[in-house]
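**Q** Residue numbers (full-length UniProt numbering): 1 to 792.
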């Protein structure tokens, strides 16, 4: 324990018999609190006892829960699959008291947003043994021999079967030595090369010489046959939203969720709502799977990929071009920022009496990749040597990779996929994912794989590896980790938003949304500061929030009872009136920030503290290295949704507790460091996305001296919490907000347009236009009993 804090604690205990009152006497004294916070990172640790530290931690937690709310207590621990019982120990304790469990996958910049953008799912990839089933592998920004050493043998062994391997990496890394060919694009230009390869694949394998396997695949497994409405702009059209069954006069006979059923045209020219879109997923049993069947009659049908040849007219459609702005670091090809392409389109009569032009996703894709299809499109390329958007010649200027290599690899990759029905694979990782425009990098690769029918095929598809995120026994593990056996839901928070807000990095943010927008976007809809978009997403239920509301959530049920209302109705009424606001709207009012932080299995302030200096100042309140001026001093754009205060709030965290078996950087900045067991001193389990089996971790020796396993440490804290909370916390009703969950019926929230209840555009409806609002009954004196037992 830090000596300065220990001295205060022991003095407070002499004056106050109740540990919670002792802690209050320290933390409510501004001078005392500032004194020990400023000592963070400056050494001064002295030995304590488990009895003493457990009591102080429990007292701090009880005080925080009672005074500010349980969601002001948080914990950060990464990669649960690495040692899932150790992770579960802290998460279970936090979840039982209503604390917040912070994410890691997005915070580490390991989560590829292109995956949920494309499939609506986080990440799912093949095990490493599946590399051996491939017959063409591109290792793109993934240094397999160095970062996947135990699995690299699959990569080398498959070459003996005749599999060709290609390395794409700017430097001559270890992976390049294992490959038949090495492509070295300028770092950060991978998306340009992927687009050029996609251009070749579409030209040679979809247009000039269509391959049956590819066309069948994209027709069956992608949205390429689906119709998209074209919106009128000044002299041209732009791609709008998907046409839905509800847009048409009779909803195509669909009575269940027609606004969530996409529409295509069959090969005989009839409009159909194909089986399996999201409206079917949550509407009718047995119709959730994607099939080429008419959703109404169930009869098999073949969907048209393109309207070319059956169009009513040719429309000029605009596409944004992002490659035209120059930079001293990157080459560019100057073109108009909006490129007009000619597309086949049909005009349809809509249910509201109006008409609309539509085209298919396939036609839009062909045009976007710059493929000339006999429509005299001046922005499309006649050959690969034309320096027009997304040709090999265009990519050569940007990436530095010769166009002949781009053409060759794209051709070989696709030809192999055709002959093997999808056994072409791209192994990809942090080399591409740790870029600001990471989604463009990945979507370029994903498109290549989709064009060639590789996704979902053994030996093919994308293989994204950055860590060990695959927790295979997840269904059985979750109740243990998040105390779902006793109560639900647990509080979860995405760390990126959490630390961006509470370390006050947003106060220094000069990038605006306008700078990031497509040249075709309506800039009036995207005003304000970047943090405004986080706040809007939280209050509309798209993102979690922590702390959640601008009041102690344990108080709400009491106030609701006085008003003769349910806690949910009271919360809705108060939010609409403004008497309760989301905490993110007032992050620096002294009540809406985190107060206690647990860190275990992580070096948060060392290896993964993005914005480290901001954390030191605003979260820890200690010496820092910030040299820039905040928005107030530099006159920058201030938030519209977030309350601005001229002086940011320093030292928001009252207590930082770290569990570690070494004195890491995070330990140096913590108030209490608890000695935990190493990997060889505890029983645990480990899984990985690389392997389908569970690795049991068995203790070889007992924990050294006074150290304990993470489970034993949190069990001790839980026991002391149950004792200390008596007289302060009993059976309490906690009001919890829960964001709209993916893969749930709540996905059908706002079908056609996004409306904000705060702006009066719609009503506040929990789980539809706002987060779910739920109540959890907590029995605080029973925390230890619940921690150590499983509910039936």
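Idealized CB from N, CA, C, for every residue including glycine.
State the DSSP-derived secondary structure class of residue 182, mapped to helix, strand or coil.
**A** Here residue 182 sits in strand by DSSP.
**Q** Rounded to whole angstroms, what's the CA-CA distance from residue 411 to residue 200? Just pull it up for me.
**A** So the alpha carbons of these two residues sit roughly 7 Å apart.
**Q** Checking 8 Å against the spacing of the C-beta atoms, do residue 441 and residue 190 come in under that value?
**A** Contact: yes.
**Q** Go to residue 201, then tell me how far its alpha helix (DSSP H) extends in each direction, as first and last residue.
**A** Residues 190-202.
**Q** Which of the three DSSP states is assigned to residue 777 in this structure?
**A** If DSSP states are grouped into helix, strand and coil, residue 777 belongs with the strands.
**Q** Look at the Cβ atom of residue 207, then the Cβ atom of residue 373, and state whether they are nearer than 8 Å.
**A** The answer is yes: Cβ separation under 8 Å.
**Q** Assuming residue 499 and residue 611 form a contact by the criterion Cβ under 8 Å, report the distance between their Cβ atoms to the nearest whole angstrom.
**A** With a Cβ gap of about 7 Å, residue 499 and residue 611 count as contacting.
**Q** Taking the alpha-carbon positions, what's the residue 467 to residue 427 distance?
**A** Their Cα atoms are separated by approximately 13 Å.
**Q** Since residue 62 and residue 725 should fall inside the 8 Å C-beta cutoff, what is the C-beta to C-beta distance between them, to a whole number of angstroms?
**A** Their Cβ separation, rounded to whole angstroms, is 5 Å, which keeps residue 62 and residue 725 in contact under 8 Å.
**Q** Only counting the same chain, and skipping five residues up and downstream in sequence, which positions put a Cβ closer than 6 Å to that of residue 703?
**A** Only 677, 681 meet the Cβ criterion.
**Q** For residue 198, which option in 716, 406, 309 has the closest C-alpha, if you only look at C-alpha atoms?
**A** Of the listed residues, the one whose Cα sits closest to residue 198 is 406.
**Q** May I ask which residues mark the beginning and end of the alpha helix (DSSP H) holding residue 448?
**A** Segment 438-451, the alpha helix (DSSP H) holding residue 448.
**Q** Inspect the CB distances between the stretch 137-156 and the stretch 348-368 and report whether three or more fall short of 8 Å.
**A** Flag = no, the stretch 137-156 and the stretch 348-368 do not touch.
**Q** Classify residue 692: buried if its beta carbon has 16 or more other beta carbons within 10 angstroms, exposed otherwise.
**A** Exposed, since its Cβ has fewer than 16 Cβ neighbours within 10 Å.
**Q** What residues are listed by DSSP as bridge partners for residue 686?
**A** Note: residue 686 sits in a beta bridge opposite 695.
**Q** Residue 222 and residue 244: beta carbons closer than 8 Å?
**A** Not in contact: residue 222 and residue 244 (Cβ atoms no closer than 8 Å).
**Q** Measuring only the C-alpha atoms, how far is residue 124 from residue 461?
**A** Each residue's alpha carbon lies about 10 Å from the other.
**Q** So the candidates are 523, 496, 495, 530; which of them puts its Cα closest to the Cα of residue 512?
**A** Cα-wise, what sits closest to residue 512 is 530.
**Q** Would you tell me roughly how many angstroms separate the C-alpha atoms of residue 446 and residue 404, rounded to the nearest one?
**A** When rounded, the distance between both Cα atoms is 22 Å.
**Q** When the Cβ atoms of the stretch 587-596 are set against those of the stretch 544-554, are three or more pairs found closer than 8 Å?
**A** Yes, the stretch 587-596 touches the stretch 544-554.
**Q** Using only CA atoms, which one of 733, 582, 35 lies nearest to residue 559?
**A** Nearest C-alpha to residue 559: 733.
**Q** Compare the C-beta of residue 308 with all C-beta atoms of chain D and state if any pair is closer than 8 Å.
**A** Among the protein chains of the structure shown there is no chain D, as only one such chain exists.
**Q** Considering only DSSP beta bridges, list what residue 596 is partnered with.
**A** Per DSSP, 73, 655.
**Q** Assess, as a yes-or-no matter, whether the stretch 470-487 is touched by the stretch 699-713 under the definition of 3 or more beta carbon pairs within less than 8 Å.
**A** No, the stretch 699-713 does not touch the stretch 470-487.
**Q** From 659, 250, 333, 541, pick the residue whose C-alpha is nearest to that of residue 710; which is it?
**A** Minimum Cα distance to residue 710 is reached at 659.
**Q** Can you give me the start and stop residues for the beta strand (DSSP E) that residue 462 sits inside?
**A** Start and end: 461-465.
**Q** Once DSSP output is grouped into helix, strand and coil, what is the label at residue 356?
**A** Reduced to three states, the DSSP call for residue 356 is strand.
**Q** First and last residue of the alpha helix (DSSP H) that includes residue 644?
**A** Where residue 644 is concerned, there is no enclosing alpha helix (DSSP H), given that its DSSP letter is neither H nor E.
**Q** Tell me which same chain residues have a C-beta within less than 6 Å of the C-beta of residue 349, skipping the five on either side of it?
**A** Answer for residue 349: 355, listed in chain order.
**Q** Under the three-state reduction of DSSP, which class applies to residue 239: helix, strand or coil?
**A** Here residue 239 sits in strand by DSSP.
**Q** Is DSSP giving residue 104 helix, strand or coil here?
**A** In this structure, residue 104 counts as coil in the three-state DSSP scheme.
**Q** I think residue 169 touches residue 141, with their Cβ atoms under 8 Å apart; what is that distance to the nearest whole Å?
**A** Yes, residue 169 and residue 141 are in contact; Cβ-Cβ is about 6 Å, under 8 Å.
**Q** Report, in whole angstroms, the separation of the C-beta atoms of residue 319 and residue 188, which I expect to be a contact under 8 Å.
**A** Actually they do not touch by this definition, with Cβ atoms about 22 Å apart.
**Q** Counting Cβ pairs closer than 8 Å, one from the stretch 30-39 and one from the stretch 609-626, do we hit at least three?
**A** The stretch 30-39 vs the stretch 609-626: in contact.
**Q** With residue 553 as the anchor, note down where its alpha helix (DSSP H) starts and where it stops.
**A** Its alpha helix (DSSP H) spans residues 553-562.
**Q** Can you grab the Cα-Cα spacing for the pair residue 276 / residue 248, in whole Å?
**A** So the alpha carbons of these two residues sit roughly 19 Å apart.
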